[in-house]
Amino acid sequence: MLLVALFENLDTDFVRIPAPQPLSLPASAPVKPASPHVKPASAPVKPASPHVKPASAPAKPASPHVKPASLPVKPASPHVKPASLPAKPASPHVKPASLPVKPASPFLKPASPHVKPASLPAKPASPHVKPASPPVKPASPFLKPNPVKILYWNPPNWVGTEKSLNAKECLKNRCQVTYNRMELDDAIAVIFEVQRAVQLPKKRMGQVWIFSTMESIRYNYNDMKNYDRKFNWTWTYRRDSDILKMYDTIQKRKTPDFTLKPKEILKHKSKDIFWMVGHCSTSSKREEYVKKLKKYMKVDIIGSCGVKRCAMSNEECFLHYEKDYRYYLSFENSLCRDYATEKLFGPFIANIVPITRGGYNASLFVPPNSYINANDFSSPYQLYQHLINVSSNADFYEHFFAWKQFYNPVHPNHWCDLCSRVINKSKYHRVYENIRRWWKGGSDTSNILGF
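If you count by my numbering, then the sequence shown holds residues 12 to 462, one letter each, in order.
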């Protein structure tokens, strides 16, 4: 009771303080932030309770280093990059993705103004790797390019078949010979036999045309009027041809491989001369020479111009008749420069002495002391006297075979020479302005009869 009376007395001594009312501030007045580091803004009023945040107001960042919400929030992890902005590279040496990256290797060229744009093939990292756009070089060194095609426009019958020509070892995988004129445009080179007139086709740019013959000019029936500036190469028996085409040749042996047997070669021979011939009337008049010679020595004629026949090949015939005969007449049907045929080379496979007569220089084709040259004697009679002296002396006769110890007759493969030249045709640029003049210049107009 005393306490109540006391409080009643106190109330009378002091002004009564009204009960507190809720604080109400105008909405337009900004609230001063508690932290001196937070700048005032048009932000909504901070609520009285520090624990209740109005929905319309952004949260006050806990850290004074956090930027306002108008900027993108820096992710908590430094490794996460925002999708809207490109990430700043961690290293100052790394260039943005829009620029070419500088290679780490000092051997690669940096991204300089001299580097070509990306539309060109990129330089490979390895100098041995080529870009994919050029043709790929075969990995295997054993892969060979396609053989070059050679068209034989008008091959003579004695040449043989396409199959036999292409079977030659030196042509395999290098050159292909065809007789099909439909392949004219595909041919790198075209061969024309010019013994008789031939209608020339239209020449393709870059194609090589080859003037070919094995017959002498005396038996050439082609006027060649339209041949100017058509042919690039010549392929004949003439030694001044671009490619030499000989019937046969004599090559030096690598090691001596022949032993003479004194008196054995001549011992069984009982006959003088034989002559294999099928051309009975010739420009060289060889038949007239033989007619004179037969007055002094017996000459057996074998073939269509005589009474005897040999059904075997030429080589087999020589080996057959060498047993009985001492000499063979190697007389050409034409006396033209360099015109040396199988008439000259044939008897060299046998042990028989050839008696030569032609427009060639025999010393350029066969070994010395291997033949008797009829042109060295003034008449058939002078030749006859010399033959008698040789036959009567075995040592003198056998010295004509000494060359066999060091030389060997072989069949040249002139197709190998032709193929090699066609493959390397860029090295042999030539056009004959007047090939008729070149060919006619090879004729020897003299008609040496020896009497």
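No residue lacks a Cβ here, since even glycine has one placed at the ideal position from N, Cα and C.
Limits of the beta strand (DSSP E) - the one that residue i falls within
i      : result
Tyr338 : Tyr336 to Phe342
Trp164 : Neither: Trp164 is in no beta strand (DSSP E) and is coded neither H nor E.
Asn177 : No beta strand (DSSP E) contains Asn177, which is instead part of the alpha helix (DSSP H) from Glu173 to Asn177.
Glu333 : Element bounds for Glu333: n/a, residue is neither H nor E.
Glu204 : Ala200 to Glu204
Lys6   : Outside the shown range of the chain, which is 12 to 462, sits residue 6, and nothing can be said about it.
Ile4   : The first residue shown for the chain is 12 and the last is 462, placing residue 4 beyond what the model contains.
Ile221 : Val219 to Thr224
Lys282 : Lys282 to Met287
Whole-angstrom distance between residue j and residue i, CA atom to CA atom
i      : j      : result
Gln187 : Arg207 : 25 angstroms
Val171 : Thr367 : Before going on, a small fix: residue 171 reads as Gly here, not Val. Approximately 29 angstroms, taken between the alpha carbons.
Lys183 : Lys438 : 22 angstroms
Gly357 : Val364 : 11 angstroms
Val442 : Arg240 : 6 angstroms
Lys309 : Glu299 : 15 angstroms
Met287 : Ser295 : 16 angstroms
Ala413 : Phe407 : 11 angstroms
Lys319 : Phe329 : 14 angstroms
Asn419 : Ala198 : 36 angstroms
Cys321 : Ile313 : 7 angstroms
Thr224 : His290 : 19 angstroms
Same chain, Cβ closer than 7 angstroms to residue i, five either side skipped, listed in chain order
i      : result
Thr260 : Val421 and Pro423
Lys280 : Asp335, Tyr336 and Arg337
Glu326 : Ile360
Ile177 : In the sequence on display, residue 177 carries Asn and not Ile. Excluding sequence neighbours, Asn177 sits near Gln187 and Val188.
Asp349 : Tyr248, Arg249, Arg250 and Tyr371
CA nearest to the CA of residue i, picked from the options
i      : options                           : result
Lys451 : Tyr395, Lys236 and Cys181         : Lys236
Tyr190 : Met225, Val201 and Glu180         : Val201
Asp196 : Val205, Leu162, Glu173 and Asn445 : Leu162
Ala448 : Met216, Glu180, Ser227 and Tyr238 : Looking at the sequence provided, one finds Arg at residue 448 rather than Ala. Here the closest residue by C-alpha is Tyr238.
Asp311 : Met323, Thr293 and Tyr339         : Tyr339
Lys256 : Cys427, Ile434, Asn435 and Val433 : Cys427
His11  : Pro167, Gly317 and Thr270         : With the chain covering 12 to 462 only, the question about residue 11 has no answer from this structure.
Glu333 : Ile221, Glu275 and Glu173         : Glu275
Lys263 : His425, Gln416 and Ile434         : Gln416
Arg297 : Lys306, Glu343 and Cys316         : Glu343
Gly217 : Val205, Phe242, Met225 and Thr224 : Phe242
Proximal residues to residue i (C-beta, below 8 angstroms), its chain only, five neighbours per side dropped
i      : result
Ser209 : In the sequence as displayed, the identity of residue 209 is Val instead of Ser. The answer, listed in chain order, is Trp164, Asn165, Phe203 and Asn233.
Ser341 : Lys354, Leu355, Gly357, Pro358, Pro365, Ile366, Thr367, Arg368, Gly369 and Tyr382
Arg432 : Trp244, Asp253, Ile254 and Tyr439
His425 : Trp246, Ile254, Leu255, Lys256 and Met257
Residue i: first and last residue of the uninterrupted alpha helix (DSSP H) it sits in
i      : result
Tyr408 : Ala405 to Glu409
Glu299 : Arg297 to Leu304
Asp311 : Note, Asp311: premise wrong, no alpha helix (DSSP H); beta strand (DSSP E) at Val310 to Ile313.
Ser431 : His425 to Ile434
Pro391 : Pro391 to Ser402
Trp449 : Ile446 to Lys451
Leu375 : Note, Leu375: premise wrong, no alpha helix (DSSP H); not H, not E.
Chain-order list of residues whose beta-carbon lies under 6 angstroms from that of residue i (same chain, five-residue window excluded)
i      : result
Pro79  : Caution applies to Pro79, whose pLDDT of 48 falls short of 50 and renders its modelled position unreliable; the model cannot decide the point.
Met193 : none
Arg185 : Pro158 and Cys430
Lys436 : Val219
Leu277 : Ala405 and Tyr408
Residue environment, residue i, which counts as buried when at least 16 other CB atoms sit within 10 Å
i      : result
Asp283 : buried
Asp268 : exposed
Phe376 : buried
Ile399 : exposed
Tyr248 : buried
Lys213 : exposed
Asn445 : exposed
Asp251 : exposed
Ala373 : buried
Ala52  : For Ala52, the predicted structure reports a pLDDT of 47, less than 50, and the residue's modelled location is therefore unreliable. A value from the coordinates is still provided. Exposed, because fewer than 16 other Cβ atoms sit within 10 Å of the Cβ of Ala52.
Trp246 : buried
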